Each structure stands twice: as structure tokens, then as C-alpha cells.
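Chains as they are written, first to last, in my numbering: chain L, 4 to 298; chain W, 34 to 239. Yeah, the Cβ is synthetic: ideal placement off N, Cα and C, and Gly gets one too. None of these values were measured; they are calculated from a predicted model. Here is the structure we will look at.
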Amino acid sequence: MPKLLLALLAGGLLAGTAQAKLLHEERSLYRNILVEEDNGRRCMKFSLRLKNPQNQSCFELAHPERLVFDYARMSLAGLLVQPKPGRILILGLGGGTLPLTLRRLYPDSRIDNVEIDEAVVRTARQYFGYAEDVQMRTHVRDARLFVRAARRRETRYDLILLDAFNGDYIPEHLMTREFLKEVKDLLAPGGIVVANTFSTSRLYHHESATYAAVFGPFLNVIGPDRRNRIIVASTAPLPDEPLLRQRAQAFASRFQALGVDVEALLPRIHRDADWPADVRVLTDQYNPANLLKAE
Amino acid sequence: MPNWLIYLLAFSSGFAIMAVELLGGRMLAPYFGGSVAVWGSIITVFMLSLSLGYLAGGRWSLNSPTLRRYGSLFMTGGLLTLPLVFFATPIMDGISLSIADERYGSLLAALALFFLPTTVLGMISPYSVRLLTEDSARSGHVAGRLYFVSTLGSALGTLATSFYLVLYLEVNSILLGLVGILLLGGLAACGYPRTRIGAAWRNAHA
């Protein structure tokens, strides 16, 4: 019987990684980290289970500057709202794809990256070309603690990118009204939050209501088949359609170099509140995010 | 007092202890993060408090045990849980501001919040064993059953809180519910007719 189980397990593993070359495997305090190469693509995967680890961050070896994932491409919609972010805060590092992209787009901007898992930072440096310099720094810390400390220092950011959720488990304290208020306090005038959020399950509604409670109306960038959703919220009034279009044209060639078609991006940006009005806001007191995601 | 009521009360205290422990992680996360160390702090403080509570409860049961005293453990445990609802935020805020290292910050916060109520609730188990034990030959059997019931309560408290209660209720509402259960349990023990206790005691000491 144990032999049969082993054979089944091994079979499942082999089937899942038939062509992929495993470059690195590490069990950190928070998750299993895998780095695999397949079809000219290198990916960082997080897994809580053996089967179906989720791609966290990928790049093409031949074109490392191109953004591979829809959600990463959609995140650039934030730049149509805040085109000149001088100070950038990124919560959740992954392979460092978005930090490196923003570093390329804005060589003069200061970028602070916050990641709770030291092992993820090491892996990003070793396999994903992530490198700190005078302008870009890494802070190994819980995002909420970093935000609270930054607020006490009265640091301000023009762009805060919230990407701390891997598909399997949500750090619930990073999804509450109180946390978003702390984040909002860190924004400079005209500053924006770009959040990679959940697009399916009941959590979509609760998360929408929570962002709306803190920021008011926001731009809802919805991906193909609703697999991804990016929220872009601002401290200033949101730009109207003509202004978005105008900025999109200005960005077109720079986005093209990143593999992002700005014309395809524009129709994905929605403004209507497509969630029920009576849905409960997530707070430090009420926040069953992981349970809601399962439903 | 019938034995099943003592078992029921011990079950409730087991339920409350683990429900509070689980909510502890939720309460501390905004101030100290969701790292493994924060859970480590909480579990350490609960284990430490329970161990001291067991010691103190066993010791106190030597000193002419009564149902009234037994009930007072529930009431005190419940009342000491109340500050979690009203003062947890300023306490955690203050500690997180003065201690930069979130490991020691969370440890101190967990001590400040959970040490007293959990120690008092920990006294309940050995005290229950004393009330239930009628002769020393059966004391192991009684202790085994008591720990079975109270630990089963702990398992159910963990499951109910993490699967269902947090889905519908705020942390503070759940805490108030637990305080209510403990106070009711205390009242039940204190208010139980003395004559019946007297009979139980004569049996116990015969």
C-alpha cells in the first residue's frame, strides 16, 4: 500500500514537471519556493502543496524585460493615473519583476521593496536578476509593520503597489480597512495604490467594498476571463477617459517594450461599482478573507 | 452538583481558552505582523499560563474546595478576559511603539493580554478533578475523563472559532460571547443549591 502511494505521488510529480527543469528548491519559513525553467521561461513558484504550485513570477530568458503575467501588465494601468511616481513602495517582492520594470521605466525614482520572506529575496537575487542599488532597497519585514513604521517617520510615496498575496493563503491583516487607511496615510498628494487582488469568489465583493470605504471610487482593471483584477485607487480625483487615453498614447512605446499593448489595456479599465452595496467591509475585527476565498 | 455539570463547565473553559488563543493571532497581527514568531509568542504565553494555572489550581484545591470557589474561577477568568475587548488596542499600540523587535513586542503583548485570564482558567482543570474525585483509586480515571472533556472543548473551541465564528462575528463580539459563557458557568456553580453539594461532599469524604 505505501509503495502504491509512493508510485502515485511520484507519477503525479513527474507528470507535473515533465519538461520543466528544476533550478532551485527551498523550504522557507513561509512556503516552498521552486525555481523552474520551461520553454525559455524561468518561473518562481510558491506551493503549499505538492501538486499545482502557482507561478508567482516569470520572465522570458530571451526578453527578460517583458511582463509575462496579465496581472503584471494590468498593474501598469496605475501609471496612467500617476505618470511620474518619484517614490515607490512595493509590498511583496516575488521574483522582483515589477520592481525591475519600474526601475527601468523610472531610473530616477526611489523604490522601497518590502518582503516578509528572506528566502524569496535571496532567490530573486540569484535567479531573477533582482539587484538593489542606491535607488532601490529591500526591507525584509511584515508589510503592515513596515507601513506603520513608515507612517511614523512621515515618509510619503507616490505609488504603493500591493502584491503580497500568493494564491494559496492571504495574510488577512493586509486586507482590512485599518491597513488600507495606514497605506493611504503614506500617500503623497496625488499618490496612488495599485493592488493585485482576488477576482473570483465572495472575496471580490468584500475587497471591493473595503477599498471603496477607504478610497471612494477607484479604477477596476479586470483581466481576461476575470482571472485577475487590479484596483487603482488615488488620493486625488481619478482622471477622466480623455486624459487616460492621452496618457496611454504617451506611454504606448515604452509599454510596448515591456510587452504591454496599451490599446488592449484601456478597455479593461472599469469605473462602475459591480459589487452589492450591502456587502461587509473587511476590518481588523471582521476579516475571514481565507474563508471567503474558499466559498 | 451533579458531575455532568462539572464536566460541562470544564468543557466550556477548554472551549474558551482555545477560542481566545486563536483570536489572539488575529488581534496581534496588525501590530506585530503575521510571522511565525507572533504565533510562537501566543502559544508560549498560553502554555506558560496554563502550566502555572494547573499548579495553582491543584494547590488551591487542597484548601477546603467548594463549588462557590470553583465558580469564582470562571467569573474571575471571564472578568479578566473583558479587558481584551476594551484595552487591547491601546496596550498593543503602546508596546509596538516602544519595542521595535516584533518578536519581543508580541511576546510582551501576549503576556499583557492573555497571562492573567489564561492562568485563572488553567486552575479550573485540577480543581474540577478534585471536585469529581470520590476515592483515590479512581482518581486517574476521573482525571483522564476530565482532561478528555476539557481538551475536547478546546478542540471544538478552535474549530468553531476558526471555521465559523470569524465568518459571521467581529473578534470583540466573539470575546464578549466567551465572557458571557464563563460568567454564566460561574453563576451556575456558585448558585447551585448548597444541600446537594453537602451530600456530594459527604460522599466525597466518606
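| query | result |
| --- | --- |
| Residues in the stretch 91-102 of chain L having any Cβ partner in chain W nearer than 9 angstroms | none |
| Interface residues of the stretch 108-133 of chain L facing chain W [CB-CB below 8 angstroms] | I119 |
| Unbroken stretches of the alpha helix (DSSP H), 4 residues or longer, contained in the stretch 178-238 of chain W | 204-224 and 227-238 |
| Alpha-carbon spacing of L61/W relative to H142/L, whole angstroms | 21 angstroms |
| Y33/L versus E121/L - alpha carbon distance | 10 angstroms |
| The beta strand (DSSP E) enclosing I114/L, as first and last residue numbers | R113 to E118 |
| Chain-ordered chain W contacts of Q2/L [CB-CB under 7 angstroms] | The first residue shown for chain L is 4 and the last is 298, placing residue 2/L beyond what the model contains. |
| Test: H176/L CB closer than 7 angstroms to a CB of chain W | yes |
| Check whether S78/L and I173/L have beta carbons under 7 angstroms apart | no |
| Residues within the stretch 138-171 of chain L neighbouring chain W, beta-carbon criterion of under 7 angstroms | D145, R147 and L148 |
| CB contact below 7 angstroms: T228/W versus chain L | Caution is warranted here: a pLDDT of 44 is assigned to T228/W, below 50, making its placement in the model unreliable, and no coordinate value can be reported. |
| Separation of L140/W from T77/W, as counted between CA atoms | 8 angstroms |
| For E54/W and G81/L, the rounded distance between their alpha carbons | 40 angstroms |
| Beta carbon proximity, L200/W to chain L, threshold 7 angstroms | yes |
| Of the residues R136/W, S158/W, T191/W and A193/W, the one placed nearest S68/W, counting alpha carbons only | R136/W |
| Proximity to A239/L [Cα-Cα], best of R113/L, M47/L, T100/L and Q85/L | Q85/L |
| Min CB distance V69/W to chain L below 7 angstroms | yes |
| Short-range partners of chain W found in the stretch 181-192 of chain L, where Cβ spacing is below 8 angstroms | E181 and F182 |
| Burial state of N290/L, where buried means 16 or more other Cβ atoms lie within 10 Å | buried |
| S78/L in three-state terms, based on DSSP | helix |
| Which residues DSSP lists as bridging V196/L, in chain order | I163/L and A236/L |
| Residues of its chain near T228/W, where Cβ-Cβ distance is below 6 angstroms and the 5 sequence neighbours each way are ignored | Annotation note: pLDDT 44 at T228/W (below 50); position unreliable, no value reported. |
| Short CB-CB distance (under 7 angstroms) between A43/W and chain L | no |
| Nonlocal neighbours in the same chain, by C-beta distance under 8 angstroms from P123/W, ignoring five residues either side | none |
| Three-state class that DSSP yields for A191/L in the structure shown | strand |
| Contact test: A89/W Cβ vs the ligand FAD heavy atom, cutoff 6 angstroms | As for the ligand FAD, it is missing from this structure, which has no ligand bound. |
| C-alpha gap between V123/L and F107/W, whole angstroms | 47 angstroms |
| CB of I272/L within 7 angstroms of CB of L222/L, strictly | yes |
| Chain-ordered neighbours of L294/L on chain W, where CB pairs are closer than 9 angstroms | S195, F196, Y197, V199 and L200 |
| Meets three-Cβ-pair contact criterion under 8 angstroms: the stretch 77-86 of chain W and the stretch 278-289 of chain L | no |
| Within chain W, partners of P291/L - CB distance below 7 angstroms | V199 and L200 |
| 6 angstroms CB neighbourhood of R250/L in its chain, flanking five on each side removed | L83 and P86 |
| V204/W and L115/W closer than 7 angstroms at C-beta | no |
| Simplified DSSP state of D168/W, which is helix, strand or coil | coil |
| Any C-beta of chain L under 7 angstroms from that of G91/W | no |
| Minimum Cβ-Cβ distance from L32/L to chain W less than 7 angstroms | yes |
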